[in-house]
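Heads up: the structure comes next, in structure tokens.
In this note's numbering, the protein residues as written are 1 to 97.
Here it is in structure tokens:
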């Protein structure tokens with residue numbers, strides 16, 4: 001169990017969230033969520049920032065503060081994207097950066 005009572009399947013929920021984000025972005029960018037559109041979305045602006053945010057959010061949920069800070073700083077330095085460490089966004093987050 002996680003500190004917030006989540007089951008050990010939490011990494012799967014992380015991948016589900018990232019998958020939902022990528023599908024939503026593919027629909028927004030390419031009006032399709034087919035595998036080719038999902039592959040193209042991996043290479044578009046803002047996708048790395050979305051993934052780093054989800055990793056930061058997951059680290060916070062599991063109270064892994066050093067990882068949370070690392071992902072936050074990577075997002076700021078690599079993607080020039082500042083998202084507060086306590087920010088919470090549900091499935092389907094799309095960043096066009």
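C-beta: ideal position from N, C-alpha, C; glycine also.
The alpha helix (DSSP H) enclosing residue 87, as first and last residue numbers: Reading the chain shown from its first residue, position 87 is the one you call residue 87. For residue 87, no alpha helix (DSSP H) segment is defined, and its DSSP state is neither H nor E.
Secondary structure of residue 80, DSSP reduced to three states: Taking the first residue of the chain shown as 1, we reach residue 80 at position 80. Here residue 80 sits in coil by DSSP.
Supposed contact pair residue 79 and residue 48 - C-beta distance, whole angstroms, cut 8 angstroms: As a position in the chain shown, residue 48 is number 48, starting the count at 1. As a position in the chain shown, residue 79 is number 79, starting the count at 1. Taking the Cβ atoms as the reference, residue 48 lies roughly 6 angstroms from residue 79, within the contact range of under 8 angstroms.
Proximity of residue 18 and residue 54 at Cβ, strictly below 8 angstroms: The residue you call residue 18 lines up with position 18 of the chain shown. The residue you call residue 54 lines up with position 54 of the chain shown. Yes; because the gap between Cβ atoms is below 8 angstroms, this pair is in contact.
With 16 other Cβ atoms within 10 Å as the buried cut-off, status of residue 96: Here residue 96 is taken as the residue at index 96 of the chain shown, counted from 1. The residue is exposed, with fewer than 16 neighbouring Cβ atoms inside 10 Å.
N- and C-terminal bounds of the alpha helix (DSSP H) containing residue 14: Counting from one through the chain shown, the residue named residue 14 turns up at place 14. Annotation: the continuous alpha helix (DSSP H) that includes residue 14 extends over 10-30.
Residue 25 vs residue 36 beta-carbon contact at 8 angstroms: One-based indexing of the chain shown puts residue 25 at position 25. One-based indexing of the chain shown puts residue 36 at position 36. Residue 25 is not a Cβ neighbour of residue 36, given a cutoff of 8 angstroms.
Sequence ranges, alpha helix (DSSP H) only - wholly within the stretch 44-71, length at least 4: Correct list: 47-61.
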